[in-house]
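Visitor: According to UniProt numbering, the sequence shown is numbered sequentially starting from 1.
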Amino acid sequence: MAWDTTDTLGKGDVVSNESLANLLKEDRRFAPPADLAAHANVTAEAYEQAKADRLGFWAAQARRLTWATEPTETLDWSNPPFAKWFKDGRLNVAYNCVDRHVEAGHGDRVAIHFEGEPGDSRAITYAELKDEVSRAANALTELGVSAGDRVAVYLPMIPEAVVAMLACARIGAAHSVVFGGFSADAIAARIKDADAKLVITADGGYRRGKPSALKPAVDEALSREGTQGVAKVLVVRRTEQDVAWTEGRDLWWHDVVGKQSPEHTPEAFEAEQPLFVLYTSGTTGKPKGILHTSGGYLTQASYTHHAVFDLKPETDVYWCTADIGWVTGHSYITYGPLSNGATQVIYEGTPDTPHQGRFWEIVQKYGVTILYTAPTAIRTFMKWGDDIPAKFDLSSLRVLGSVGEPINPEAWVWYRKHIGADKCPIVDTWWQTETGAMMISPLPGVTETKPGSAQRALPGVAATVVDDEANEVPDGGGGYLVLTEPWPSMLRTIWGDDQRFIDTYWSRFEGKYFAGDGAKKDDDGDIWLLGRVDDVMLVSGHNISTTEVESALVSHPSVAEAAVVGAADETTGQAIVAFVILRGTADADDAELAGQLRNHVGTALGPIAKPKRILPVAELPKTRSGKIMRRLLRDVAENRQLGDVTTLTDSSVMDLIQTKLPAAP
Ligand code: 6R9
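1. Please check the pair S402 and I370, which I expect to be a contact at CB under 8 angstroms, by giving their CB distance rounded to whole angstroms.
2. Could you give the DSSP three-state label for K286: helix, strand or coil?
3. Using a Cβ-Cβ cutoff of less than 6 angstroms, which residues in the same chain neighbour R492 once the five nearest sequence positions on both sides are dropped?
4. May I ask you to verify whether the region 413 to 425 touches the region 593 to 607, counting CB pairs closer than 8 angstroms and requiring at least 3?
5. Can you check the region 102 to 187 for any beta strand (DSSP E) of at least 3 residues that lies completely inside it and give the ranges in chain order?
6. According to DSSP, what are the bridge partners of T373?
7. Apply the 10 Å Cβ neighbour rule to M654 and answer buried if 16 or more other Cβ atoms are within range, or exposed otherwise.
8. Taking the beta strand (DSSP E) that H542 falls in, what are its first and last residues?
9. Along the alpha helix (DSSP H) that carries P216, what are the first and last residues, could you check?
10. Expressed to the nearest angstrom, what Euclidean distance is found between the alpha-carbon atoms of D635 and E132?
11. By the three-class DSSP mapping on this structure, what secondary structure does F359 have?
12. Just list the alpha helix (DSSP H) runs in the region 492 to 526, keeping only unbroken ones of 4 residues or longer that don't cross its boundaries, in chain order.
13. Does the Cβ-Cβ distance between D310 and G445 come in under 9 angstroms?
14. Taking all protein chains shown into account, do 16 or more other C-beta atoms lie within 10 angstroms of the C-beta of R54, making it buried, or fewer, making it exposed?
15. Quick one: what does DSSP say S78 is sitting in, helix, strand or coil?
16. Could you tell me which of P156, V110, P607 sits nearest to L213, measuring between CA atoms?
17. List the endpoints of the continuous beta strand (DSSP E) containing I608.
18. Would you mind stating whether L582 and A588 have Cβ atoms separated by less than 9 angstroms?
19. Mapping the DSSP letters down to three states, classify C320 as helix, strand or coil.
20. Helix, strand or coil for E472 per DSSP?
21. Might you give, ordered along the chain, the residues of its own chain that have their beta carbon closer than 7 angstroms to the beta carbon of A59, omitting 5 neighbours on each side?
22. Can you look up P313 in the DSSP assignment and give me helix, strand or coil?
23. Any heavy atom of the ligand 6R9 closer than 8 angstroms to the CB of V564?
24. Quick one: what's got a C-beta closer than 6 angstroms to D76's C-beta in the same chain, skipping five residues either side?
25. Which residues neighbour the ligand 6R9 when neighbourhood means a C-beta less than 7 angstroms away from any of its non-hydrogen atoms? List them by chain order.
26. What are the boundary residues of the alpha helix (DSSP H) that Q432 is part of?
27. Assign R63 to buried or exposed, taking buried as 16 or more other Cβ atoms, counted over all protein chains shown, within 10 Å of its Cβ.
28. Consult DSSP for residue 683 and reduce its assignment to one of helix, strand or coil.
29. Taking contact to mean at least 3 C-beta pairs separated by less than 8 angstroms, is the region 134 to 150 in contact with the region 242 to 257?
30. So what does DSSP say about T585, is it helix, strand or coil?
31. Out of curiosity, what's the CA-to-CA distance linking T350 and Y480?
32. Could you check whether the Cβ of A164 sits closer than 9 angstroms to any Cβ belonging to chain C?
33. Report, in whole angstroms, the separation of the C-beta atoms of L275 and Y303, which I expect to be a contact under 8 angstroms.
34. DSSP has H254 in a bridge; who is on the other side?
35. For V218 versus I158, is the C-beta spacing smaller than 9 angstroms?
36. Any idea what DSSP makes of M382, helix, strand or coil?
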């Protein structure tokens with residue numbers, strides 16, 4: 001059932017001229033815990049040091065790494081926007097993530113606690129990881145992969161995914177990880193664009209209690225035009241499903257890697273050696289291959305992981321729930337944590353298999369101290385109910401992180417209260433595939449946090465908000481998020497397309513990096529992210545942020561999740577259409593509730609932000625990294641044929657939404 005209201009701007013509603021970006025008020029504040037602050041890895045001084053000498057600050061952070069040749073030059077910005085960081089330095093990224101910890105006497109420390117979805121588990125120490133990465137590096141070399149080549153990786157969340165990435169890094173080849181679950185088309189497009197020489201995949205992985213095949217998609221991709229460059233396919237055996245086999249091309253990982261020597265001398269490569277190409281899903285057009293290189297990327301991934309999570313490698317147990325196919329998995333499962341010698345949990349499956357308490361059971365089992373997850377997961381846990389986490393011992397937790405979307409203040413507060421025992425600081429980390437590492441985030445021992453705000457650029461990072469004319473907005477103003485100085489882990493280009501790199505990121509505002517996100521500064525100068533600029537709604541001449549309307553809806557006790565879009569409207573230009581998932585007890589046929597929700601938004605944000613239509617749905621379309629795909633909802637709201645659904649986690653969600661809804665008026 002759908003609720004329609006034709007009086008979006010009913011009589012008596014006064015349209016204020018004040019920018020809507022400033023109407024959502026959030027006054028709750030949370031000071032850092034005193035004990036954490038007293039022993040924090042990073043204190044407020046870091047901001048001062050970085051402000052006084054930004055390049056000196058990053059040069060100092062680069063010394064967290066072990067270099068074969070120490071860099072003498074920090075940044076070469078002589079040909080902007082093409083940056084070179086630490087360009088005369090040489091290092092091996094895999095050596096930094098593995099060998100040096102063994103050499104320092106930590107070979108017995110667990111690097112990875114692997115938890116398979118069916119309940120199998122495996123602990124891998126740094127010494128074992130070194131042997132496995134070395135064997136895999138030897139295998140890649142034997143298969144003809146050399147420095148400068150690209151290797152496509154299409155694996156489930158198993159330790160071999162990390163091993164494969166590090167083996168590539170070890171021999172100077174760039175990996176291109178494709179989400180397990182992307183279609184054959186998506187794999188083929190990425191293999192072709194990156195000109196990959198080898199594919200590493202598995203028979204399958206476990207998802208939602210069942211083995212789910214991966215190899216057939218690779219087989220199909222490799223039958224497509226333009227993928228002939230792939231000479232070999234290395235297949236990890238995970239599920240023991242039957243797989244079709246192409247003799248001469250397909251090889252089992254356990255055969256080829258298993259027989260190699262665990263000795264491998266890591267060669268030092270220059271700091272700008274390509275490390276990986278990761279494709280952003282891209283809402284339109286060809287996906288963009290984001291290129292990251294070695295020294296600068298690892299410096300910032302390592303520093304931010306140390307600073308933002310306050311990681312103590314001897315005692316912490318860290319868990320990032322992201323998939324390795326998302327940049328979060330690259331920087332905060334593989335490179336950041338391992339460069340810091342962390343002990344981490346890797347979980348293969350979904351949060352509700354075999355029961356909705358699986359995440360909390362894992363936290364309890366391994367004594368997880370730092371948890372990094374996404375707002376979409378947090379909202380799902382809220383929907384499942386407070387009683388589920390309450391059944392588990394979560395007292396080991398001390399820092400909670402969020403990434404992927406703006407976190408609604410209600411979800412933030414729930415996360416702190418029900419997962420963090422009302423004491424763990426929450427770090428809401430803003431960054432992108434393109435930025436390579438975190439850019440805007442609280443520091444857990446320093447920042448007084450505000451629910452829903454990523455707050456402040458990290459030390460050494462320069463971020464601000466500008467208006468249409470590129471002028472920095474004053475505190476209290478809203479506009480576009482930009483980065484005003486180069487940073488070590490910045491993308492170097494779009495693979496094979498320098499011009500698109502310039503056009504996409506560096507042309508909107510001269511000399512500044514355009515992130516594509518709307519943002520506002522509050523009266524303290526703290527930054528609030530407002531969603532992608534492409535999603536901003538224009539109602540009666542007012543820009544309205546999707547994030548703020550969604551957060552207002554989620555703050556109503558009957559709403560678990562919300563996604564809003566602007567749909568073409570004759571009178572107002574665009575009208576707000578809200579798709580809502582109701583909480584357990586709320587009734588989707590209760591027409592009165594629609595009026596209440598509209599009024600609730602009106603009270604929180606002002607009458608102009610009241611949704612015109614409110615559509616209760618069972619699910620929302622999301623990408624694998626948990627981002628709501630609003631463009632598909634816009635298609636529904638405007639009665640259009642659906643656009644590309646290939647990057648959805650579950651494309652049947654759209655059928656469900658469409659069949660349940662009456663046609664739009
Ligand atoms: C790391 C990652 C990037 C886009 C980004 C923004 C959104 C990510 C956020 C956030 C608000 C946060 N985003 N983190 N928005 N607050 N803490 O997600 O990379 O998949 O490339 O997406 O995600 O819109 O521009 P990626």
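We put the beta carbon where it would ideally sit given N, CA and C, even for glycine.
Guide: Considering the structure as presented:
1. Locating residue 402 in the sequence shown gives position 402, counting from the first residue. Locating residue 370 in the sequence shown gives position 370, counting from the first residue. Wrong, their Cβ atoms sit about 12 angstroms apart, outside the cutoff.
2. If you number the sequence shown from 1, residue 286 lands on position 286. Correct three-state label for K286: coil.
3. As a working mapping, residue 492 is identified with position 492 in the sequence shown. Closer than 6 angstroms at Cβ, skipping near neighbours: L291, T293.
4. Touching, no.
5. Look at the region 102 to 187 and you find these whole runs of beta strand (DSSP E), each 3 residues long or longer: 110 to 115, 121 to 125, 150 to 154, 174 to 177.
6. Position 373 of the sequence shown, counting from 1, holds the residue named residue 373. In the DSSP output, where bridge partners are listed per residue, T373 has S402.
7. In the sequence shown, the residue the question calls residue 654 occupies position 654. That one is buried.
8. In the sequence shown, counting from the first residue as 1, residue 542 sits at position 542. Taken as a continuous stretch (DSSP letters only), the beta strand (DSSP E) holding H542 covers 542 to 544.
9. Residue numbering aside, residue 216 sits at position 216 when the sequence shown is read from its first letter. Run containing P216: 215 to 221, per the alpha helix (DSSP H) assignment.
10. Counting from 1 along the sequence shown, the entry for residue 635 is found at position 635. Counting from 1 along the sequence shown, the entry for residue 132 is found at position 132. Going by the C-alpha atoms only, they are around 47 angstroms apart.
11. Counting from one through the sequence shown, the residue named residue 359 turns up at place 359. Reduced to three states, the DSSP call for F359 is helix.
12. Segments of the alpha helix (DSSP H) lying fully in the region 492 to 526: 498 to 505.
13. The residue labelled residue 310 in the question sits at position 310 within the sequence shown. The residue labelled residue 445 in the question sits at position 445 within the sequence shown. Contact: yes.
14. One-based indexing of the sequence shown puts residue 54 at position 54. In the assembly as shown, R54 is a buried residue. Its beta-carbon has 16 or more other beta-carbons within 10 Å.
15. The residue labelled residue 78 in the question sits at position 78 within the sequence shown. Strand, per DSSP.
16. Against the sequence shown, residue 213 aligns to sequence position 213. A small fix is needed here, since residue 213 is Ala in this sequence, not Leu. For A213, the nearest C-alpha among the options comes from P156.
17. Locating residue 608 in the sequence shown gives position 608, where the first residue counts as 1. Counting along the chain, I608 falls outside any beta strand (DSSP E), and DSSP gives it neither H nor E.
18. Here the question's residue 582 lines up with position 582 in the sequence shown. Here the question's residue 588 lines up with position 588 in the sequence shown. Here L582 is near A588, since their CB atoms are less than 9 angstroms apart.
19. As a working mapping, residue 320 is identified with position 320 in the sequence shown. C320: strand per DSSP, three-state reduction.
20. Here residue 472 refers to the residue found at position 472 of the sequence shown. In the structure shown, E472 falls within a strand segment according to DSSP collapsed to helix, strand and coil.
21. Start at 1 with the first residue of the sequence shown, and residue 59 comes out as number 59. Within the same chain, A59 has close Cβ partners T74.
22. Within the sequence shown, the letter at position 313 stands for residue 313. Reduced to three states, the DSSP call for P313 is coil.
23. Locating residue 564 in the sequence shown gives position 564, counting from the first residue. Not under cutoff, so the answer is no.
24. Within the sequence shown, residue 76 is the residue found at index 76, counting from 1. Scanning its chain for C-beta atoms nearer than 6 angstroms, with the 5 sequence neighbours on each side dropped, one finds around D76 the residues K84, K87, in chain order.
25. Ordered along the chain, the selected set is T280, W326, V327, T328, S402, V403, G404, E405, P406, I407, D428, T429, W430, W431, Q432, T433, E434, A454, A515, G516, D517, L529, G531, R532, S625, K627.
26. To locate residue 432, count along the sequence shown from 1; it is residue 432. According to the DSSP assignment, Q432 belongs to no alpha helix (DSSP H), since it is labelled neither H nor E.
27. Position 63 of the sequence shown holds residue 63. Result: exposed.
28. Past the boundaries of the shown model lies residue 683; the chain is included only from 1 to 665, so the question cannot be answered.
29. With a cut-off of 8 angstroms, the region 242 to 257 and the region 134 to 150 count as touching, because enough Cβ pairs lie within range.
30. Residue 585 sits at position 585 when you count from the first residue of the sequence shown. Coil.
31. Against the sequence shown, residue 350 aligns to sequence position 350. Against the sequence shown, residue 480 aligns to sequence position 480. Cα to Cα, the separation comes out at about 35 angstroms.
32. Going by chain labels, chain C is absent from the structure shown, which holds only one protein chain.
33. To locate residue 275, count along the sequence shown from 1; it is residue 275. To locate residue 303, count along the sequence shown from 1; it is residue 303. 16 angstroms between Cβ atoms; not a contact.
34. As a first step, residue 254 is located in the sequence shown; it is residue number 254 there, counting from the start. According to DSSP, which records beta bridges pairwise, H254 is partnered with nothing at all.
35. Taking the sequence shown and counting its residues from 1, the one referred to as residue 218 is at position 218. Taking the sequence shown and counting its residues from 1, the one referred to as residue 158 is at position 158. Not in contact: V218 and I158 (Cβ atoms no closer than 9 angstroms).
36. Residue numbering aside, residue 382 sits at position 382 when the sequence shown is read from its first letter. Helix.
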